[in-house]
Amino acid sequence: MGSQSETVCVTGASGFIGSWLVMRLLERGYTVRATVRDPTNVKKVKHLLDLPKAETHLTLWKADLADEGSFDEAIKGCTGVFHVATPMDFESKDPENEVIKPTIEGMLGIMKSCAAAKTVRRLVFTSSAGTVNIQEHQLPVYDESCWSDMEFCRAKKMTAWMYFVSKTLAEQAAWKYAKENNIDFITIIPTLVVGPFIMSSMPPSLITALSPITGNEAHYSIIRQGQFVHLDDLCNAHIYLFENPKAEGRYICSSHDCIILDLAKMLREKYPEYNIPTEFKGVDENLKSVCFSSKKLTDLGFEFKYSLEDMFTGAVDTCRAKGLLPPSHEKPVDGKT
1 MGSQSETVCV TGASGFIGSW LVMRLLERGY TVRATVRDPT NVKKVKHLLD
51 LPKAETHLTL WKADLADEGS FDEAIKGCTG VFHVATPMDF ESKDPENEVI
101 KPTIEGMLGI MKSCAAAKTV RRLVFTSSAG TVNIQEHQLP VYDESCWSDM
151 EFCRAKKMTA WMYFVSKTLA EQAAWKYAKE NNIDFITIIP TLVVGPFIMS
201 SMPPSLITAL SPITGNEAHY SIIRQGQFVH LDDLCNAHIY LFENPKAEGR
251 YICSSHDCII LDLAKMLREK YPEYNIPTEF KGVDENLKSV CFSSKKLTDL
301 GFEFKYSLED MFTGAVDTCR AKGLLPPSHE KPVDGKT
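This is the structure in structure tokens:
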């Protein structure tokens, strides 16, 4: 699988994961059709057009998850589709209709486009760790057989709850459709994605990952017992799973886990210029980390390349270079939250 003169489609191509995946696919010789909501919005697509090989191997296609059939043309003639696009509006006043419904309908729309094209050999969907472990009590280890508790999600309404619900229901609907329509379907389940990036704005996952630096307390609960993967490892895993004929089913993609106290300690030592807390409410040193097992992925032969420090150094350096993080914090604080 994966003769690299192939044409593949990447949805959500201007985003954090999508744009890095496009870059890696172009490097490997693929011709890429990148779907974005508005190809004329220069600010949103310039980082794609500036990529090496973009002039000869990249085309932009207008498509929106909310518009049924809008991916048909982009997918027609492609041998592979990477479905990365997803609504990420955590502040939505109407999450059922603005986030959850479009995610599910958009997923099924992509699958219908793949079925209609008759050229697509494999569809790879970027799922989320939020489909696996959102439940009242955390297990020590999670694998691909685990699914989040939707009733708990809707009742608790924690930060990003509508994202977790939307990704879980979309993935479950997709598996049903894939089996009924004989589509070769793979899902990749990243934990919190961290690393350098090429888009111009702050990626949503880095708002969470860098919250100990920025002091964004609403996001601490997500990394209280955190799991992380480097953006480059994740994108290479997408390509690996597309190309490997033995790949099947769901794959967790996560290389590191640690509690927020240990993450904050690492960041404090590396970046003393930021006032990173030393204590977090309801967290002590006895809190156990929660592991997302990538055994299925590594047993297939995939190798992770990056350390936890690599991820955060890449993210912080890029944010500083783009003016998304201040070079330091001026005011002293007492180190507690």
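For reference, each letter of the sequence shown is one residue, going 1 to 337 in full-length UniProt numbering.
By construction, the Cβ of each residue, glycine as well, lies at the ideal position given by its N, Cα and C atoms.
Nearest CA to the CA of V84: which residue from N181, W175 and K167? Sequence index remark: in the sequence shown, residue 84 carries index 84 (1-based). When only C-alpha atoms are compared, the closest one is K167.
D251 - containing beta strand (DSSP E), residue span: Taking the first residue of the sequence shown as 1, we reach residue 251 at position 251. With the sequence shown as reference, residue 251 is identified as Tyr, and Asp is not the correct amino acid for it. Note, Y251: beta strand (DSSP E), G249 to C253.
In the DSSP assignment, the alpha helix (DSSP H) including R24 goes from what residue to what residue? Position 24 of the sequence shown, counted from the first residue, corresponds to residue 24. Residues F16 to E27.
Taking the beta carbon of S328 as the centre, do at least 16 other beta carbons fall within 10 Å, making it buried, or is it exposed? Counting from 1 along the sequence shown, the entry for residue 328 is found at position 328. That one is exposed.
With distances taken between CB atoms, is the gap from Y251 to I198 smaller than 9 Å? Counting from 1 along the sequence shown, the entry for residue 251 is found at position 251. Counting from 1 along the sequence shown, the entry for residue 198 is found at position 198. Going by C-beta atoms, Y251 is not nearer than 9 Å to I198.
Pick out the complete alpha helix (DSSP H) segments inside the segment 35-99, 4 residues or longer, and give them in chain order. 42-49, 54-57 and 72-75
Please look up how many angstroms separate the CB atoms of F185 and L287, rounded, as I've assumed it's under 8 Å. One-based indexing of the sequence shown puts residue 185 at position 185. One-based indexing of the sequence shown puts residue 287 at position 287. Not a contact, Cβ separation roughly 36 Å.
Exposure label - R33; buried when at least 16 CB within 10 Å: The residue you call residue 33 lines up with position 33 of the sequence shown. By the 10 Å Cβ count, R33 comes out buried.
Using a C-beta cutoff of 9 Å, does D94 count as contacting chain D? Protein chains in the displayed structure number just one, and chain D is not present.
What does the alpha-carbon distance come out to for the pair T318 and H137? By 1-based counting over the sequence shown, the position of residue 318 is 318. By 1-based counting over the sequence shown, the position of residue 137 is 137. Cα to Cα, the separation comes out at about 35 Å.
Considering only C-alpha positions, which residue in the set F242, S221 and F292 is nearest to L300? To locate residue 300, count along the sequence shown from 1; it is residue 300. Checked all of F242, S221 and F292; the closest Cα to L300 is F242.
Looking at C-beta atoms only, is the number of pairs between the segment 230-245 and the segment 304-323 that lie closer than 8 Å three or more? yes
Report yes if the C-beta distance between G106 and T86 is below 9 Å; otherwise report no. Position 106 of the sequence shown, counting from 1, holds the residue named residue 106. Position 86 of the sequence shown, counting from 1, holds the residue named residue 86. Against a cut-off of 9 Å, the Cβ pair of T86 and G106 comes out as a contact.
Count the other CB atoms, across all protein chains shown, that sit within 10 Å of the CB of P140; report buried if there are 16 or more and exposed otherwise. Within the sequence shown, numbered from 1, the residue matching residue 140 stands at position 140. Flag for P140 reads exposed.
What residue ranges within the segment 295-335 form continuous alpha helix (DSSP H) runs of no fewer than 4 residues, ordered along the chain? Given a length threshold of 4 residues, each whole run of the alpha helix (DSSP H) inside the segment 295-335 is given here in chain order: 295-299 and 308-321.
Can you give me the C-alpha to C-alpha distance between D334 and P277, rounded to a whole angstrom? Here residue 334 refers to the residue found at position 334 when the sequence shown is read from its first residue. Here residue 277 refers to the residue found at position 277 when the sequence shown is read from its first residue. Model confidence at D334 stands at a pLDDT of 46, short of 50, so the residue's coordinates are unreliable; what they give is reported in the following sentence. So the alpha carbons of these two residues sit roughly 8 Å apart.
Closest by C-alpha distance to L267, when choosing among A315, N244, Y240 and D284: For the purposes of this step, residue 267 is identified with residue 267 of the sequence shown, where counting begins at 1. Residue A315 is the option with its Cα nearest to L267.
How about the segment 32-51 and the segment 61-71: do they share at least three Cβ pairs that are nearer than 8 Å? yes
Whether D262 touches V290 by CB criterion (9 Å): Counting from one through the sequence shown, the residue named residue 262 turns up at place 262. Counting from one through the sequence shown, the residue named residue 290 turns up at place 290. Cβ atoms of D262 and V290: not closer than 9 Å.
When you measure from the CB of N286 to every non-hydrogen atom of the ligand GDP, does any distance come out below 8 Å? Annotation note on the ligand GDP: not contained in the displayed structure, which lists no ligands.
Indicate whether I104 and A63 have their beta-carbon atoms separated by less than 9 Å. Within the sequence shown, numbered from 1, the residue matching residue 104 stands at position 104. Within the sequence shown, numbered from 1, the residue matching residue 63 stands at position 63. Contact flag unset, no.
What does the alpha-carbon distance come out to for the pair P203 and F16? Looking up residue 203 in the sequence shown gives position 203. Looking up residue 16 in the sequence shown gives position 16. About 6 Å.
Per DSSP, what kind of secondary structure is Y220 in: helix, strand or coil? Taking the first residue of the sequence shown as 1, we reach residue 220 at position 220. Three-state result, Y220: helix.
Taking P190 as part of the beta strand (DSSP E), name the residues at either end of that continuous run. As a working note, residue 190 is residue 190 in the sequence shown. Run containing P190: F185 to P190, per the beta strand (DSSP E) assignment.
Ordered list of beta strand (DSSP E) runs contained in the segment 232-295, each at least 3 residues: 249-253 and 256-259
Just how far apart, CA to CA, sit N133 and G323? To locate residue 133, count along the sequence shown from 1; it is residue 133. To locate residue 323, count along the sequence shown from 1; it is residue 323. When the Cα atoms are used, N133 and G323 turn out to be separated by approximately 34 Å.
Identity of the residue in K101, T7 and A13 nearest H57 by Cα: Numbered from 1 along the sequence shown, position 57 holds the residue referred to as residue 57. Looking at the Cα atoms, T7 is the closest of the given residues.
Considering only residues of the same chain and omitting the five flanking positions on each side of F302, which have a CB-CB separation below 7 Å? Here residue 302 refers to the residue found at position 302 when the sequence shown is read from its first residue. Cβ within range, chain order: A237 and Y240.
Does F228 come out as helix, strand or coil in the three-state DSSP assignment? One-based indexing of the sequence shown puts residue 228 at position 228. If DSSP states are grouped into helix, strand and coil, F228 belongs with the strands.
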